Amino acid sequence: MPKRILIADDEPTVVALARQKLEEHGFSVETAKNGREAWEIIQSVRIDLIVLDVIMPIMDGVDVYKELKKDPKTAQIPIIIITDNRIFRESFKTLGVEHFLPKPLDGEKLLHKVDYVFTCQELDRKNKQTLILGVNPDENEQMGQVLQSQGLIVGKTQDPIEFLSNSLILTPRAVLIDVLVKGQISAEEIIRALSCFGRLRDTKILVFTDFSPDDIDSIDGIEQLREAKNRCMEAGATKYIGRFTPATLWDMVQEFFV
1 MPKRILIADD EPTVVALARQ KLEEHGFSVE TAKNGREAWE IIQSVRIDLI
51 VLDVIMPIMD GVDVYKELKK DPKTAQIPII IITDNRIFRE SFKTLGVEHF
101 LPKPLDGEKL LHKVDYVFTC QELDRKNKQT LILGVNPDEN EQMGQVLQSQ
151 GLIVGKTQDP IEFLSNSLIL TPRAVLIDVL VKGQISAEEI IRALSCFGRL
201 RDTKILVFTD FSPDDIDSID GIEQLREAKN RCMEAGATKY IGRFTPATLW
251 DMVQEFFV
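Numbering follows the working numbering, with no gaps: position 34 of the sequence shown is 34.
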């Protein structure tokens, strides 16, 4: 599916130039001649990028930007501001805008900027990717919800083979592995396998347990957990983060994703 870009500008020549250049390179383009039209389009269809003029009738670029940031569904849409006004540019920078193009609009510069924004977005997406391999599906789901609430992209499975395959395909920023994984492959063996692939050399391997103190009702259980943790660390795990709780995951996000 092609990326859909919204061009919001009250100058027909700017809109026509931008539309032609972007459609020639395979992008889908929506257009608006004022801020209100732009906002209505944003509310009705998926938009991947907005190219936004500042001075427009009815609703200007500043108002559109503020509305975008109020709504969690639109707050992450990247924006390119079109302006040759230094004060406007600095004002938008203070609001968090990173991408600008001067007037008069140049088609080639627009195309290069659009490609750059999407490249940065893809790199950012990869840097927020994590995979969970856990024994308990309910715990996996809870962990996923906690991590997603922190802006991460999360994959979950109980199958070690599926986990290894997805790790190679996605090259995530970090993986989380239960030290007591069950099945044909142990957590230790999974960690050794991950360490064999050069493309995963920057992936952080974090191990955890979903055991609570109430679950460990014997010395043997405690020893089993301790030995499993030690084997995982010796196999090359980056860190043992302990028992899964929202607090331990929050600390993990702060250490490895911020």
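Backbone N, C-alpha and C define an ideal beta-carbon position, used for all residues, glycine too.
Source: prediction; values computed, not measured.
- Tell me, please, which residues DSSP counts as bridged to G242. Locating residue 242 in the sequence shown gives position 242, where the first residue counts as 1. BP columns for G242 point to F208.
- Message: Output needed for G144: all residues of its chain with C-beta closer than 6 Å, excluding positions within five of it in sequence on either side, in chain order.
- Response: Against the sequence shown, residue 144 aligns to sequence position 144. Hits under 6 Å: V154 and K156.
- Item | D251 to G242 span [Cα, whole Å] | Position 251 of the sequence shown, counted from the start, is the residue given in the question as residue 251. Position 242 of the sequence shown, counted from the start, is the residue given in the question as residue 242. Cα to Cα, D251 sits roughly 11 Å from G242.
- Message: Quick check: what's the CA-CA separation for L194 versus T94?
- Response: As a first step, residue 194 is located in the sequence shown; it is residue number 194 there, counting from the start. As a first step, residue 94 is located in the sequence shown; it is residue number 94 there, counting from the start. Taking the straight line joining both Cα atoms gives about 42 Å.
- Cα separation between V175 and Q158? As a first step, residue 175 must be located in the sequence shown, where it is residue number 175. As a first step, residue 158 must be located in the sequence shown, where it is residue number 158. Each residue's alpha carbon lies about 13 Å from the other.
- Query: Expressed to the nearest angstrom, what Euclidean distance is found between the alpha-carbon atoms of E90 and I77?
  - Reply: Taking the first residue of the sequence shown as position 1, residue 90 is located at position 90. Taking the first residue of the sequence shown as position 1, residue 77 is located at position 77. C-alpha separation (whole angstroms): 20 Å.
- Can V259 and A18 be called in contact, C-beta distance under 9 Å? There is simply no residue 259 to check, as the chain begins at 1 and stops at 258 in what is shown.
- Sheet register partners of K99 (DSSP bridge): The residue you call residue 99 lines up with position 99 of the sequence shown. This sequence places His at residue 99; Lys is not what is there. BP columns for H99 point to I80.
- Task: Look up K70 in the DSSP assignment and say whether it is helix, strand or coil.
- Result: The residue labelled residue 70 in the question sits at position 70 within the sequence shown. The answer is helix: DSSP assigns K70 an H, G or I state.
- Query: Along the chain, where does the beta strand (DSSP E) that runs through L194 open and close?
  - Reply: If you number the sequence shown from 1, residue 194 lands on position 194. Not the beta strand (DSSP E): L194 falls in the alpha helix (DSSP H), residues A187 to S195.
- So, is G134 buried or exposed, given that buried needs 16 or more other C-beta atoms within 10 angstroms? Taking the sequence shown and counting its residues from 1, the one referred to as residue 134 is at position 134. Counting Cβ neighbours within 10 Å, G134 comes out buried, since at least 16 surround it.
- Message: Here's the rule: buried if 16 or more other CB atoms are within 10 angstroms of the residue's CB, otherwise exposed. What is P12?
- Response: Here residue 12 refers to the residue found at position 12 of the sequence shown. Per the 10 Å Cβ criterion, exposed.
- Message: Quick check: what's the CA-CA separation for V258 versus F92?
- Response: As a first step, residue 258 is located in the sequence shown; it is residue number 258 there, counting from the start. As a first step, residue 92 is located in the sequence shown; it is residue number 92 there, counting from the start. If I take the Cα positions, the gap works out to 24 Å.
- Query: How many angstroms separate the CA atom of F208 from the CA atom of V114?
  - Reply: What you label residue 208 is simply residue 208 of the sequence shown in a count that begins at 1. What you label residue 114 is simply residue 114 of the sequence shown in a count that begins at 1. Going by the C-alpha atoms only, they are around 40 Å apart.
- Query: Taking the runs of the beta strand (DSSP E) that are 3 residues or longer, which of them lie wholly in the segment 125-166?
  - Reply: 129-133 and 153-157
- Message: Rounded to whole angstroms, what is the Cα-Cα separation between R36 and I81?
- Response: The residue given as residue 36 occupies position 36 in the sequence shown. The residue given as residue 81 occupies position 81 in the sequence shown. Those two C-alpha atoms are separated by around 17 Å.
- Would you report the Cα separation of L170 and C196, rounded to the nearest angstrom? If you number the sequence shown from 1, residue 170 lands on position 170. If you number the sequence shown from 1, residue 196 lands on position 196. Answer to the nearest angstrom: the Cα atoms are 16 Å apart.
- Collapsed DSSP secondary structure at R199 in the structure displayed: Your numbering for residue 199 matches position 199 in the sequence shown. Note: R199 maps to helix in three-state DSSP.
- Query: Quick one: what's got a C-beta closer than 8 Å to Q121's C-beta in the same chain, skipping five residues either side?
  - Reply: Working through the sequence shown from its first residue, we reach residue 121 at position 121. Excluding residues within five positions, the ones whose Cβ falls inside 8 Å are P78.
- Residues of its chain near P246, where Cβ-Cβ distance is below 7 Å and the 5 sequence neighbours each way are ignored: Residue numbering aside, residue 246 sits at position 246 when the sequence shown is read from its first letter. These residues qualify, in order along the chain: V146.
- Message: Please state the DSSP three-state secondary structure of D115.
- Response: As a first step, residue 115 is located in the sequence shown; it is residue number 115 there, counting from the start. Correct three-state label for D115: helix.
- Message: At the level of alpha carbons, what is the spacing between H112 and N34?
- Response: Within the sequence shown, the letter at position 112 stands for residue 112. Within the sequence shown, the letter at position 34 stands for residue 34. Roughly 25 Å between the two C-alpha positions.
- Query: Which ranges would you report for the beta strand (DSSP E) in the segment 13-56 if only whole runs of at least 3 residues count?
  - Reply: 28-32 and 49-53
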